[in-house]
Amino acid sequence: MTISDVTPPRAGAEKERAGAPGPAARAPRRRVMGAGKQLHAGPLTYTVLVLFALVSLAPLVWTAIAASRTNTRLAQTPPPFWFGGNLFKNLETAWDQAGLGTAMLNSIFVSSMITVGTVLFSTLAGFAFAKLRFRFSTTLLLLTIGTMMVPPQLAVVPLYLWMTDLGWANHLQTVILPTLVSAFGTFFMRQYLVQALPSELIEAARVDGASSLRVVWHVVFPAARPAMAVLGLLTFVMAWNDFLWPIIALNSENPTVQVALNQLGTGYIPDDSVIMAGALLGTLPLLLAFLLFGKQIVGGIMQGAIKG
Amino acid sequence: MNGSDQALARSASSADAAPGDQPGAARDAHGRGTAPRKNGGTSAWRRRLYRWDMKASPYAFIAPFFIVFGAFSLVPLLYTAWYSLHHVQLSALDQQTWAGLDNYRNLFSSEFFWNALKNTFTIGLLSTVPQLAAALWLAHMLNYRLRGSTVWRVVMLTPYATSAAAATLVFVLLFAPESGMVNWALDLVGLDPVNWRESGWGSQAAVSSIVVWRWTGYNALIYLAAMQAIPTDLYESAALDGAGRWQQFRHVTIPMLRPTILFTVVVSTIGATQLFAEPLLFGGVSGTKGGSEHQYQTLGLYMYDQGWMVGNLGKASAIAWSMFLILLVVAALNLLISRRLKRSSR
Chain A
1 MTISDVTPPR
11 AGAEKERAGA
21 PGPAARAPRR
31 RVMGAGKQLH
41 AGPLTYTVLV
51 LFALVSLAPL
61 VWTAIAASRT
71 NTRLAQTPPP
81 FWFGGNLFKN
91 LETAWDQAGL
101 GTAMLNSIFV
111 SSMITVGTVL
121 FSTLAGFAFA
131 KLRFRFSTTL
141 LLLTIGTMMV
151 PPQLAVVPLY
161 LWMTDLGWAN
171 HLQTVILPTL
181 VSAFGTFFMR
191 QYLVQALPSE
201 LIEAARVDGA
211 SSLRVVWHVV
221 FPAARPAMAV
231 LGLLTFVMAW
241 NDFLWPIIAL
251 NSENPTVQVA
261 LNQLGTGYIP
271 DDSVIMAGAL
281 LGTLPLLLAF
291 LLFGKQIVGG
301 IMQGAIKG
Chain B
1 MNGSDQALAR
11 SASSADAAPG
21 DQPGAARDAH
31 GRGTAPRKNG
41 GTSAWRRRLY
51 RWDMKASPYA
61 FIAPFFIVFG
71 AFSLVPLLYT
81 AWYSLHHVQL
91 SALDQQTWAG
101 LDNYRNLFSS
111 EFFWNALKNT
121 FTIGLLSTVP
131 QLAAALWLAH
141 MLNYRLRGST
151 VWRVVMLTPY
161 ATSAAAATLV
171 FVLLFAPESG
181 MVNWALDLVG
191 LDPVNWRESG
201 WGSQAAVSSI
211 VVWRWTGYNA
221 LIYLAAMQAI
231 PTDLYESAAL
241 DGAGRWQQFR
251 HVTIPMLRPT
261 ILFTVVVSTI
271 GATQLFAEPL
281 LFGGVSGTKG
291 GSEHQYQTLG
301 LYMYDQGWMV
311 GNLGKASAIA
321 WSMFLILLVV
331 AALNLLISRR
341 LKRSSR
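Sequence lines, in order, name chains A and B. Heads up: the first sequence at position 267 corresponds to 267 in UniProt numbering, and the numbers run straight through without jumps. Heads up: the second sequence at position 1 corresponds to 1 in UniProt numbering, and the numbers run straight through without jumps.
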């Protein structure tokens with residue numbers, strides 16, 4: 001998983017198209033399709049794609065440009081189209097004065113904990129739903145999927161009251177705990193393990209008297225690793241960008257990046273170039289992840305990720 | 001839980017419980033697993049433990065999800081209903097008195113509630129429809145045999161990696177009435193500048209554009225995955241019948257994609273109903289009000305404003321439940337329409 005993965009040689013692309021890691025049920029169909037149908041893209045298609053790509057990337061690039069300028073320059077027309085010399089000064093201001101340093105550390109901690117929890121619990125539950133027989137398993141699985149319909153707004157008032165009661169307001173565990181599991185993650189791991197984990201392997205371990213945890217550690221985790229990586233990346237992105245609950249649960253003393261950005265954006269004396277430096281900082285870790293694992297994230301979403 | 005705890009203790013005490021998650025590890029477990037059976041003395045106890053483990057562990061594995069979801073989503077959901085029937089003020093959290101339907105009556109007679117509902121609907125429409133249409137178009141192009149296909153996909157997905165907060169801060173500047181890039185570009189092509197902050201439709205369009213920007217690539221990938229699962233023969237026979245590219249797209253791709261499209265419509269609708277971060281930050285200082293004239297105050301913003309700015313948590317609870325009910329109605333409508341569509345296509 002390096003940068004070279006983002007731009008694979010053609011052979012690699014073909015393999016991916018054949019549905020290598022995807023659920024096996026879909027694989028044969030995909031292979032048939034990969035053989036014939038795809039028409040080559042014409043120049044017009046490339047032109048439109050370049051336009052789409054520009055629209056996708058331009059705001060991000062411009063964030064960096066604006067972050068490297070001064071506030072007065074940003075207020076003039078036409079807006080700057082190339083980098084100035086103020087980037088590091090603005091980043092420093094955002095880091096120190098807007099408290100983005102603490103916020104970054106908090107966000108890294110919170111997102112990592114949520115990612116570890118979600119991946120671990122989703123793999124365990126996904127394995128149970130995919131391979132173990134127990135009463136009510138179908139009902140419970142449907143229930144799990146059904147919980148995706150419950151909007152987060154519906155929980156925030158009582159959660160806020162309870163967390164205040166506990167004296168947990170402004171503590172990071174307040175943000176971590178409610179997000180530690182994921183219905184989507186559970187379903188995602190289940191779909192993957194149904195295909196990727198041969199039942200014979202579990203049975204063989206069982207016959208030898210392996211306990212459930214031993215089976216999980218030595219059979220399930222190795223088989224689930226690719227899907228765990230993808231789920232981990234998706235969860236990290238989602239946790240990093242979470243907004244509503246952190247903004248209610250945390251304040252300026254102990255913010256995550258999103259909370260700090262909100263304070264930066266609603267400040268009464270805004271310095272736009274510093275705000276842009278903040279926006280850049282707040283997105284940088286995810287952009288780096290994209291540079292490194294873009295292909296995996298794309299593959300994960302194409303396997304059916306659902307908007308958080 | 002207890003059974004697996006004991007099992008954990010047992011596997012931890014086994015001589016070489018080194019974490020082995022290499023491909024060969026499964027075979028290792030195989031070999032090591034036979035060891036306990038040989039020291040027969042406690043075998044009856046072991047067998048019982050083993051049976052217990054088999055029975056209990058599935059529940060232990062799914063327990064974390066249900067415990068956390070129950071504690072932090074399900075129980076609060078019910079409590080939100082309870083609080084919505086009480087007077088709960090942020091300034092006096094211990095004094096909660098029964099209010100009956102006061103909060104709801106208060107809500108339904110407030111013009112700001114209806115204004116927020118209307119805004120949620122129009123911004124939802126303005127963001128969902130272009131988003132999904134563009135995603136479909138984009139997916140169609142990504143489905144061609146392309147040079148560097150993975151690079152295109154990653155590039156189109158980068159906005160997804162930007163948080164709503166960061167994206168909005170950038171768009172605020174791009175849409176600035178005086179010095180913003182958008183008005184500057186409009187001026188270049190000879191159009192009048194738009195007041196993207198104050199005007200009703202202008203500000204709603206600006207807020208929607210942030211959502212469209214962030215989610216189009218994401219939805220395109222979902223469509224792309226579905227397109228790649230369409231069997232080739234369908235296109236071949238369509239081509240034999242003389243269908244051109246556009247006709248193939250219209251008569252093969254779109255019908256085959258209908259379930260996926262429906263799925264994205266539902267998910268985007270849910271997302272639009274909960275729209276919060278974008279209008280909040282777009283408004284800057286007047287964020288929770290959704291602009292000086294409440295012109296882009298959504299239901300999500302209205303809840304936050306009433307609960308944490310005004311400090312009326314009972315009313316905020318009532319707003320939350322109203323949102324939920326609206327969502328349920330929307331979901332039911334979706335189901336109804338999709339049934340109708342299915343029947344008429346037969």
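Glycine residues also receive a C-beta, built at the ideal position from the N, C-alpha and C atoms. What you are looking at is a predicted structure, and each value in this text was computed from that prediction instead of being measured.
Checklist entry - Counting Cβ pairs, one atom from each stretch, are 3 or more of them under 8 Å apart for the region 328-336 of chain B and the region 146-164 of chain B? => result Segments in contact, no.
Checklist entry - From which residue to which residue does the beta strand (DSSP E) around residue 87 of chain B run? => result Where residue 87 of chain B is concerned, the enclosing beta strand (DSSP E) stretches over 86-89.
Checklist entry - With distances taken between CB atoms, is the gap from residue 273 of chain A to residue 181 of chain A smaller than 9 Å? => result Not a contact, by the Cβ cut-off of 9 Å.
Checklist entry - When we look at the beta-carbon of residue 16 of chain A and count the other beta-carbons within 10 Å, is it buried (16 or more) or exposed? => result Its pLDDT being 40, under 50, residue 16 of chain A is placed unreliably in this model, and the value from its coordinates should be taken loosely. Its Cβ being crowded by 16 or more others within 10 Å, residue 16 of chain A is buried.
Next on the checklist: Pairs of beta-carbons, one from the region 251-262 of chain B and one from the region 163-170 of chain B, closer than 8 Å: are there three or more?
Outcome noted: In short, these stretches do not touch, since the Cβ pair count stays below three.
Checklist entry - Looking at the structure shown, is residue 258 of chain A part of a helix, part of a strand, or coil, going by DSSP? => result In the displayed model, residue 258 of chain A falls within a helix according to three-state DSSP.
Next on the checklist: Against residue 48 of chain A, what residues of chain B qualify as contacts under a CB-to-CB distance less than 9 Å, listed in chain order?
Outcome noted: Residues of chain B passing the Cβ test: 137, 138 and 141.
Item to check | Of the listed residues A:185, A:60 and A:202, nearest to residue 232 of chain A (C-alpha basis) | outcome: Nearest option by C-alpha distance: A:185.
Item to check | Short CB-CB distance (under 9 Å) between residue 317 of chain B and chain A | outcome: Judged by the 9 Å Cβ criterion, residue 317 of chain B is in contact with chain A.
Item to check | C-alpha gap between residue 282 of chain B and residue 195 of chain A, whole angstroms | outcome: Taking C-alpha positions only, residue 282 of chain B is separated from residue 195 of chain A by approximately 45 Å.
Next on the checklist: Since residue 184 of chain B and residue 222 of chain A should fall inside the 8 Å C-beta cutoff, what is the C-beta to C-beta distance between them, to a whole number of angstroms?
Outcome noted: Wrong, their Cβ atoms sit about 56 Å apart, outside the cutoff.
Next on the checklist: Rounded to the nearest angstrom, what separates residue 3 of chain A and residue 292 of chain A at their Cα positions?
Outcome noted: Residue confidence for residue 3 of chain A is low, a pLDDT of 35 falling below 50, so the modelled location carries little weight; the figure read from the coordinates is stated next. Cα-Cα distance, rounded: 5 Å.
Item to check | Counterpart residues of residue 97 of chain B in DSSP-defined beta bridges | outcome: Beta-bridge pairing links residue 97 of chain B to B:87.
Checklist entry - Which of the three DSSP states, helix, strand or coil, is assigned to residue 140 of chain B? => result If DSSP states are grouped into helix, strand and coil, residue 140 of chain B belongs with the helices.
Checklist entry - To the nearest angstrom, how far is it from the Cα of residue 74 of chain A to the Cα of residue 117 of chain B? => result Answer to the nearest angstrom: the Cα atoms are 35 Å apart.
Next on the checklist: Taking the straight line between their C-alpha atoms, what separation do you get for residue 215 of chain A and residue 202 of chain A?
Outcome noted: So the two alpha carbons sit approximately 7 Å from each other.
Checklist entry - With 9 Å set as the bound, which would you pick, yes or no: does the beta-carbon of residue 347 of chain B sit closer than that to a beta-carbon of chain A? => result Nothing about residue 347 of chain B can be read from this structure; chain B reaches only from 1 to 346.
Checklist entry - If you draw a straight line from the C-alpha of residue 217 of chain B to the C-alpha of residue 171 of chain B, how long is it? => result Approximately 18 Å, taken between the alpha carbons.
Next on the checklist: Please classify residue 106 of chain A as buried or exposed, where buried requires at least 16 other C-beta atoms within 10 Å of its C-beta.
Outcome noted: Looking at its Cβ environment, which holds 16 or more other Cβ atoms inside 10 Å, residue 106 of chain A is buried.
Checklist entry - For the region 149-168 of chain B, which residues have a beta carbon sitting closer than 9 Å to at least one beta carbon of chain A? => result The region 149-168 of chain B vs chain A, Cβ under 9 Å: 149, 150, 151, 152, 153, 154, 155, 156, 157, 158, 159, 160, 161, 162, 163, 164, 165, 166, 167 and 168.
Item to check | Opening and closing residue of the alpha helix (DSSP H) in which residue 299 of chain A lies | outcome: It spans 272-302 - the alpha helix (DSSP H) in which residue 299 of chain A sits, taken as one unbroken run.
Next on the checklist: Suppose the cutoff is 8 Å on Cβ atoms and the five residues either side in sequence are ignored; what does the same chain contact list for residue 298 of chain B look like?
Outcome noted: Excluding positions up to five away in sequence, the list reads 116, 119, 120, 123, 275, 276, 279 and 290.
Item to check | the region 47-63 of chain B touching the region 128-142 of chain A, judged by at least three CB pairs closer than 8 Å | outcome: By the C-beta criterion, the region 47-63 of chain B is judged to be in contact with the region 128-142 of chain A, since at least 3 inter-stretch pairs fall below 8 Å.
Checklist entry - the region 51-69 of chain B: which residues have C-beta closer than 9 Å to a C-beta of chain A, in chain order? => result Answer set for the region 51-69 of chain B: 53, 54, 55, 56, 57, 58, 59, 60, 61, 62, 63, 64, 65, 66, 67, 68 and 69.
Item to check | Three-pair Cβ contact test at 8 Å for the region 77-90 of chain B versus the region 311-325 of chain B | outcome: Between the region 77-90 of chain B and the region 311-325 of chain B there are three or more C-beta pairs closer than 8 Å, enough to call the two in contact.
Checklist entry - Nearest CA to the CA of residue 183 of chain A: which residue from A:155, A:169, A:144 and A:208? => result Cα-wise, what sits closest to residue 183 of chain A is A:144.
Item to check | Contact with chain B by residue 82 of chain A, beta-carbon distance below 9 Å | outcome: No, its Cβ sits nowhere closer than 9 Å to a Cβ of chain B.
Item to check | The alpha helix (DSSP H) enclosing residue 71 of chain A, as first and last residue numbers | outcome: In this chain, the alpha helix (DSSP H) harbouring residue 71 of chain A covers 71-74.
Next on the checklist: Is the separation between the beta-carbon of residue 221 of chain B and that of residue 134 of chain B shorter than 9 Å?
Outcome noted: The Cβ atoms of residue 221 of chain B and residue 134 of chain B lie no closer than 9 Å to each other.
Checklist entry - What residues from the region 252-281 of chain B come within 8 Å of chain A, judged by C-beta to C-beta, listed N to C? => result Along the region 252-281 of chain B, going in chain order, the ones with a CB nearer than 8 Å to a CB of chain A are 267, 268, 270, 271, 273, 274, 276, 277, 280 and 281.
Next on the checklist: Using beta carbons (cut-off 9 Å, strictly below), is residue 337 of chain B in contact with chain A?
Outcome noted: With respect to chain A, the C-beta atom of residue 337 of chain B has no partner C-beta closer than 9 Å.
Item to check | Same chain, Cβ closer than 6 Å to residue 392 of chain B, five either side skipped, listed in chain order | outcome: The shown model of chain B, from 1 to 346, leaves out residue 392 of chain B, and the question about it has no answer.
Checklist entry - Nearest CA to the CA of residue 44 of chain A: which residue from B:113, B:325 and B:144? => result The shortest CA-to-CA distance from residue 44 of chain A to any of B:113, B:325 and B:144 is the one to B:144.
Checklist entry - According to the neighbour-count rule (16 or more other Cβ atoms, all chains shown, within 10 Å of its Cβ), is residue 48 of chain B buried or exposed? => result Answer is exposed; the Cβ neighbour count stays below 16.
Checklist entry - Going by other Cβ atoms of all chains shown within 10 Å of its Cβ, with 16 needed for buried, is residue 303 of chain A buried or exposed? => result Buried is the call here.
Checklist entry - Hey, how far is the Cα of residue 247 of chain B from the Cα of residue 213 of chain B? => result In a straight line, the C-alpha of residue 247 of chain B is about 28 Å away from that of residue 213 of chain B.
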